[in-house]
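Asks: All you need for the working numbering is the position in the sequence shown, starting with 1, plus 402.
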Amino acid sequence: MTSRIDWVRSNCRLLRAIAEDFARTRPFRELTIGTGIHLEPKTVALLLTLKDGGARVISTGNLNSTQPEAVEYLRANGVQVIGDRTTDEGEHDRYLRSVLKAEPELILDNGGDLFARYLEDPYEATNGRNVLVFGYGSVGKGIAASFRNGYASVAVIERDPVLRLEARFDGFQVPERDAGLKTAEIVITATGAEGVVTEADLDVLRDRVVLINAGHFPAEIAVERIAADPRVARRQDGPEGVTTFVLSDGRAIHLLAGGHMVNLGGPRPLGNSIESMDLGFALQARCLEAVARGRTSPDDVVVPVPSSINATVAEAFLELYR
Ligand SMILES: NC(=O)c1ccc[n+]([C@@H]2O[C@H](COP(=O)([O-])OP(=O)(O)OC[C@H]3O[C@@H](n4cnc5c(N)ncnc54)[C@H](O)[C@@H]3O)[C@@H](O)[C@H]2O)c1
Numbered sequence: 403m404t405s406r407i408d409w410v411r412s413n414c415r416l417l418r419a420i421a422e423d424f425a426r427t428r429p430f431r432e433l434t435i436g437t438g439i440h441l442e443p444k445t446v447a448l449l450l451t452l453k454d455g456g457a458r459v460i461s462t463g464n465l466n467s468t469q470p471e472a473v474e475y476l477r478a479n480g481v482q483v484i485g486d487r488t489t490d491e492g493e494h495d496r497y498l499r500s501v502l503k504a505e506p507e508l509i510l511d512n513g514g515d516l517f518a519r520y521l522e523d524p525y526e527a528t529n530g531r532n533v534l535v536f537g538y539g540s541v542g543k544g545i546a547a548s549f550r551n552g553y554a555s556v557a558v559i560e561r562d563p564v565l566r567l568e569a570r571f572d573g574f575q576v577p578e579r580d581a582g583l584k585t586a587e588i589v590i591t592a593t594g595a596e597g598v599v600t601e602a603d604l605d606v607l608r609d610r611v612v613l614i615n616a617g618h619f620p621a622e623i624a625v626e627r628i629a630a631d632p633r634v635a636r637r638q639d640g641p642e643g644v645t646t647f648v649l650s651d652g653r654a655i656h657l658l659a660g661g662h663m664v665n666l667g668g669p670r671p672l673g674n675s676i677e678s679m680d681l682g683f684a685l686q687a688r689c690l691e692a693v694a695r696g697r698t699s700p701d702d703v704v705v706p707v708p709s710s711i712n713a714t715v716a717e718a719f720l721e722l723y724r
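1. Taking Cβ to Cβ, would you say Glu642 is nearer than 8 Å to Pro671?
2. What alpha helix (DSSP H) runs, 4 residues minimum, are completely inside the stretch 407-495?
3. Any chance the CB of Tyr538 is under 7 Å from a heavy atom of ligand 1?
4. Measure the C-alpha to C-alpha separation of Ala419 and Ile407 and round it to an integer number of angstroms.
5. Report the partner residues of Asp639 according to the DSSP bridge assignment.
6. Answer yes if the stretch 620-639 comes into contact with the stretch 649-663, meaning at least three C-beta pairs across the two stretches below 8 Å, and no otherwise.
7. Verify the contact flag: Ile559, CB atom, against every heavy atom of ligand 2, threshold strictly below 7 Å.
8. Please determine, among Gly597, Arg499 and Arg477, the residue with the shortest C-alpha to C-alpha distance to Arg519.
9. Counting only runs that start and end within the stretch 511-580, where is the alpha helix (DSSP H) found for 4 or more residues in a row?
10. Are Leu534 and Ala554 close, meaning C-beta to C-beta below 8 Å?
11. For Ser678, which option in Leu521, Leu604 and Val541 has the closest C-alpha, if you only look at C-alpha atoms?
12. Confirm, please, whether the CB-CB distance from Leu449 to Leu416 is below 8 Å.
13. Mapping DSSP to helix, strand and coil, what is Thr698?
14. For Val481, tell me which candidate among Gly463, Leu516 and Val589 has the shortest Cα-Cα distance.
15. Where does Asn615 sit, in a helix, a strand or coil, going by DSSP?
16. Run through the DSSP bridge pairs and tell me what Thr591 is partnered with.
17. Taking the alpha helix (DSSP H) that Leu666 belongs to, which residues open and close that run?
18. Give the range of the beta strand (DSSP E) segment to which Ala654 is assigned.
19. According to DSSP, simplified to helix, strand and coil, what is Val599?
20. Assign Val606 to one of three DSSP states: helix, strand, or coil.
21. Quickly, what does DSSP pair Val634 with across the bridge? List them, please.
22. State the Cα-Cα distance for the pair Asp603 and Arg561, rounded to the nearest angstrom.
23. Could you check what DSSP says for Leu722 in three-state terms: helix, strand or coil?
24. For Leu565, verify whether its CB is less than 7 Å away from any heavy atom of ligand 1.
25. Going by Cα to Cα distance, which pick from Thr489, Asn532 and Ile484 is closest to Gln575?
26. Which of the three DSSP states is assigned to Leu508 in this structure?
27. State buried or exposed for Phe549, treating a residue as buried only when at least 16 other CB atoms are found within 10 Å of its CB.
28. Across which residues does DSSP place Ile623 in a beta bridge pair?
29. Thr750: beta carbon under 7 Å from a heavy atom of ligand 1?
Right under this line is the structure:
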């Protein structure tokens, strides 16, 4: 038998069409949406539409209006619902604050009490923050673009001048290494190299900087050397894979996932999008097939300009157009 909620959902025709569109375009992929809204059948339709758009939805109700069957339905469909129906203002306050603990990037509010609590104690989203990406290969490019899409101010450190130039053409700042580190609030390594950020950088890193590695091996950030440095007064292993090194001058250096590849080694190892991996793995499968069938030759590698000339010209351009 069709439930009341299913019936309401099927009759929210606009939302149904939007949900179909969102399921294709996924505008909220990798975003958390926090809501404080009446939990009843029509808001179920709304919240599940947002979820179809790729959002992680975390929600609580308004005071005294939460319908238990709506809560049950949402939970069964992957929406995290905090609390249940309540008339107790203190309890309602705790529910709202629990939603904000998830630090949603987007907030949808009905009545303003969720916003009001956010404004009392705003957390930082990456919007407007200074992000420094080490390495401008395929991975660094994706990271830089993705932070820029989140309205961060992104700079790139890349030792290859041609790629540094490309980063510049792509609209990123390419500061000197120490100048970049000095202002960065988030530092991400994606180089495949070792010891990219080390204890030697402790003096220039700013208070509350977040260090993240996206490279394959946990060697890009010299975690053990940083931990053993005499300037580190205290180490705190916090929740969600966040380690904090408190320096003797009071600055805190945060590290995610112990320096392991953050998107696969962290507490939420979602990896990359299915579509990108499908594409990459399809190429790998076809390449292996070509090798196995003997269909490759040295001519498959194309080098249009000797790389030393590329490097010289790029260095000169960066110098002249600084
Ligand atoms: N997190 C993920 O999902 C994911 C996915 C694929 C690959 N990876 C890993 O990410 C890393 C980078 O992959 P890629 O394909 O972009 O590699 P890449 O070789 O194309 O790019 C790495 C870039 O880093 C630069 N570099 C090296 N050392 C540097 C340093 N000390 N300072 C500044 N720049 C430096 C290099 O010049 C190069 O351009 C590898 O370890 C790879 O295995 C991670």
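A virtual CB, placed ideally from N, CA and C, is assigned to each residue, including glycine. Predicted model only: the values in this text are computed from it and were never measured.
Replies: Quick answer:
1. no
2. 415-427, 443-454 and 470-478
3. yes
4. 17 Å
5. Thr645
6. yes
7. Ligand 2 is absent from the structure shown, which contains only ligand 1.
8. Arg499
9. 515-522, 540-551 and 563-571
10. no
11. Val541
12. no
13. coil
14. Gly463
15. strand
16. Phe536 and Asn615
17. Val664 to Gly667
18. Ala654 to Leu658
19. strand
20. coil
21. Leu649
22. 17 Å
23. helix
24. yes
25. Asn532
26. strand
27. buried
28. Val599
29. For residue 750 there is no data in the structure shown, the boundaries of the chain being 403 and 724.
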